[in-house]
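**Student:** Attaching a single structure in structure tokens format; questions to follow.
Residue numbers (full-length UniProt numbering): 1 to 266.
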């Protein structure tokens with residue numbers, strides 16, 4: 001059989017194994033071997049051989065007391081990751097629309113990409129003077145509220161490299177000239193639970209507040225932000241904007257499985 005034909009036919013043993021997993025998912029509870037075999041339409045001896053391999057791979061686990069089989073840690077992790085990837089933006093869109101209605105300011109959602117934070121959706125408020133946010137806009141880490149939020153809670157080499165690049169750029173605020181300055185600023189962001197920035201470098205006279213959204217792994221997965229016109233946008237602690245953004249981000253985090261112990265840098 002040629003490689004092309006083999007690719008079209010797939011791997012039968014893998015499909016059989018997935019059939020067993022499907023039977024266990026549909027069972028909605030831990031199951032005995034005989035029940036799994038019936039559901040998967042195969043002899044118990046054959047089902048047992050596949051279950052042994054699935055246990056080794058982490059897809060299935062067996063209770064040593066009851067001998068019942070259930071989904072294993074890796075299968076559960078796949079499901080949680082799938083939920084995170086499919087639902088986080090959809091839930092985020094609803095959240096920023098509700099926040100927009102609550103505070104009557106431009107709201108937006110940013111996610112992390114290979115090149116840093118990117119705006120994926122924004123909502124326009126119902127007021128004559130507004131700030132428009134362009135979907136797909138890439139954000140700096142040090143001079144945007146969302147960027148500071150990601151830099152404060154996302155620990156990876158990409159963040160460190162981007163911070164190093166931005167520190168070489170002209171026009172940074174006087175208090176952000178060294179990595180030590182940046183670390184102090186990010187520590188304050190983590191202590192506050194949000195980032196607030198005035199005179200965003202791309203648009204003069206614009207202010208923004210951003211808060212982190214965490215997932216079931218207690219890791220930052222998105223940033224929720226509100227953007228407004230300087231002089232018409234209250235970013236003081238306890239203001240309606242700050243309270244609204246942080247509360248909305250916290251509520252969305254809970255919906256995404258966050259348990260309250262976010263992972264922090266530093």
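In this text, a Cβ means the ideal position worked out from N, Cα and C, and glycines have one as well.
Do residue 120 and residue 149 have their beta-carbon atoms positioned less than 8 Å apart in this structure?
**Tutor:** Translated into positions along the chain shown, residue 149 becomes position 149. Translated into positions along the chain shown, residue 120 becomes position 120. No. Outside cutoff.
**Student:** Three-state secondary structure (DSSP) at residue 163?
**Tutor:** For the purposes of this step, residue 163 is taken as residue 163 along the chain shown, with counting starting at 1. Note: residue 163 maps to helix in three-state DSSP.
**Student:** Could you tell me the alpha carbon to alpha carbon distance between residue 177 and residue 151, rounded to whole angstroms?
**Tutor:** Taking the chain shown and counting its residues from 1, one reaches residue 177 at position 177. Taking the chain shown and counting its residues from 1, one reaches residue 151 at position 151. Spanning the two alpha carbons is a distance of roughly 16 Å.
**Student:** So for residue 221, helix, strand or coil by DSSP?
**Tutor:** Position 221 of the chain shown, counting from 1, holds the residue named residue 221. Strand, per DSSP.
**Student:** Given residue 47, which residues of its chain have a CB within under 7 Å of its CB, disregarding the five upstream and five downstream residues?
**Tutor:** The count along the chain shown starts at 1 and reaches residue 47 at position 47. Taken in chain order, the residues that qualify are 20, 33, 36, 37 and 40.
**Student:** What residue from 135, 162 and 156 has the CA that sits closest to residue 141's CA?
**Tutor:** Within the chain shown, residue 141 is the residue found at index 141, counting from 1. When each option's Cα is compared against that of residue 141, the closest is 162.
**Student:** List the whole-angstrom C-beta distance separating residue 153 from residue 96, where the pair is believed to meet the contact cut-off of C-beta under 8 Å.
**Tutor:** Indexing the chain shown from 1 puts residue 153 at position 153. Indexing the chain shown from 1 puts residue 96 at position 96. Incorrect: roughly 19 Å between the Cβ atoms, too far for contact.
**Student:** Could you say which of 249, 257, 253 and 256 lies nearest to residue 100 if we only look at CA atoms?
**Tutor:** Stepping through the chain shown from its first residue, residue 100 is reached at position 100. Closest by alpha carbon: 249.
**Student:** Return the residue from the list 25, 53, 45 and 214 that minimises the CA-CA distance to residue 79.
**Tutor:** For the purposes of this step, residue 79 is identified with residue 79 of the chain shown, where counting begins at 1. Checking every option, the nearest Cα to that of residue 79 belongs to 25.
**Student:** Skipping 5 residues on each side, what residues in its chain have a beta carbon closer than 8 Å to that of residue 61?
**Tutor:** If you number the chain shown from 1, residue 61 lands on position 61. The residues are 55, 69, 70, 71, 72 and 73.
**Student:** Can you tell me whether residue 147 is helix, strand or coil according to DSSP?
**Tutor:** Translated into the one-based positions of the chain shown, residue 147 becomes position 147. If DSSP states are grouped into helix, strand and coil, residue 147 belongs with the helices.
**Student:** Considering only residues of the stretch 204–252, which uninterrupted beta strand (DSSP E) runs meet the minimum length of 3 residues and lie entirely inside it, listed in chain order?
**Tutor:** Listed in chain order, they are 206–214 and 220–229.
**Student:** Who are residue 254's beta bridge partners in DSSP?
**Tutor:** Mapped onto the chain shown, residue 254 falls at position 254. The partner list for residue 254 (beta bridge, DSSP) is empty, contrary to what the question assumes.
**Student:** On a CA-only basis, which of 109, 238 and 182 is nearest residue 252? Give me that one, please.
**Tutor:** Counting from one through the chain shown, the residue named residue 252 turns up at place 252. Residue 252 has its Cα closest to that of 109, out of 109, 238 and 182.
**Student:** What does a CB cutoff of less than 8 Å around residue 51 pick up in its chain, not counting 5 residues either side in sequence?
**Tutor:** Residue 51 sits at position 51 when you count from the first residue of the chain shown. Once the five neighbours on either side are set aside, the close Cβ partners of residue 51 are 20, 33, 36, 60, 62 and 69.
**Student:** Less than 8 Å separating the beta-carbons of residue 205 and residue 230?
**Tutor:** On the chain shown, residue 205 is found 205 positions in, with the first residue counted as 1. On the chain shown, residue 230 is found 230 positions in, with the first residue counted as 1. Yes, the pair counts as a contact, with Cβ atoms nearer than the cut-off.
**Student:** Whose CA, out of 194, 23 and 116, lies closest to the CA of residue 42?
**Tutor:** Position 42 of the chain shown holds residue 42. Here the closest residue by C-alpha is 23.
**Student:** Helix, strand or coil, according to DSSP, for residue 5 in the structure here?
**Tutor:** Counted from its first residue, the chain shown places residue 5 at position 5. Residue confidence for residue 5 is low, a pLDDT of 42 falling below 50, so the modelled location carries little weight; the figure read from the coordinates is stated next. Note: residue 5 maps to helix in three-state DSSP.
**Student:** Note down, in chain order, each residue of its chain lying with its Cβ closer than 7 Å to the Cβ of residue 246, except the 5 sequence neighbours on either side.
**Tutor:** Along the chain shown, one-based indexing puts residue 246 at 246. Cβ within range, chain order: 193, 194 and 211.
**Student:** Less than 6 Å between C-beta atoms, sequence neighbours within five positions excluded: which residues of the same chain meet that for residue 188?
**Tutor:** Locating residue 188 in the chain shown gives position 188, counting from the first residue. So the list is empty, once near-sequence residues are dropped.
**Student:** Please state if the CB of residue 256 and the CB of residue 216 are separated by a distance shorter than 8 Å.
**Tutor:** Counted from its first residue, the chain shown places residue 216 at position 216. Counted from its first residue, the chain shown places residue 256 at position 256. It is a contact, given that the beta carbons lie within the stated cut-off.
**Student:** Taking residue 44 as part of the alpha helix (DSSP H), name the residues at either end of that continuous run.
**Tutor:** For the purposes of this step, residue 44 is identified with residue 44 of the chain shown, where counting begins at 1. First-last of the alpha helix (DSSP H) with residue 44: 44–56.
**Student:** When the distance is taken between beta carbons, is residue 116 closer than 8 Å to residue 91?
**Tutor:** Position 91 of the chain shown, counted from the start, is the residue given in the question as residue 91. Position 116 of the chain shown, counted from the start, is the residue given in the question as residue 116. The answer is no: Cβ separation not under 8 Å.
**Student:** Alpha carbon to alpha carbon, how far is residue 147 from residue 232?
**Tutor:** Looking up residue 147 in the chain shown gives position 147. Looking up residue 232 in the chain shown gives position 232. Approximately 23 Å, taken between the alpha carbons.
**Student:** Taking the DSSP output, what are the residues bridged to residue 142?
**Tutor:** In the chain shown, residue 142 corresponds to position 142, counting from 1. According to DSSP, which records beta bridges pairwise, residue 142 is partnered with nothing at all.
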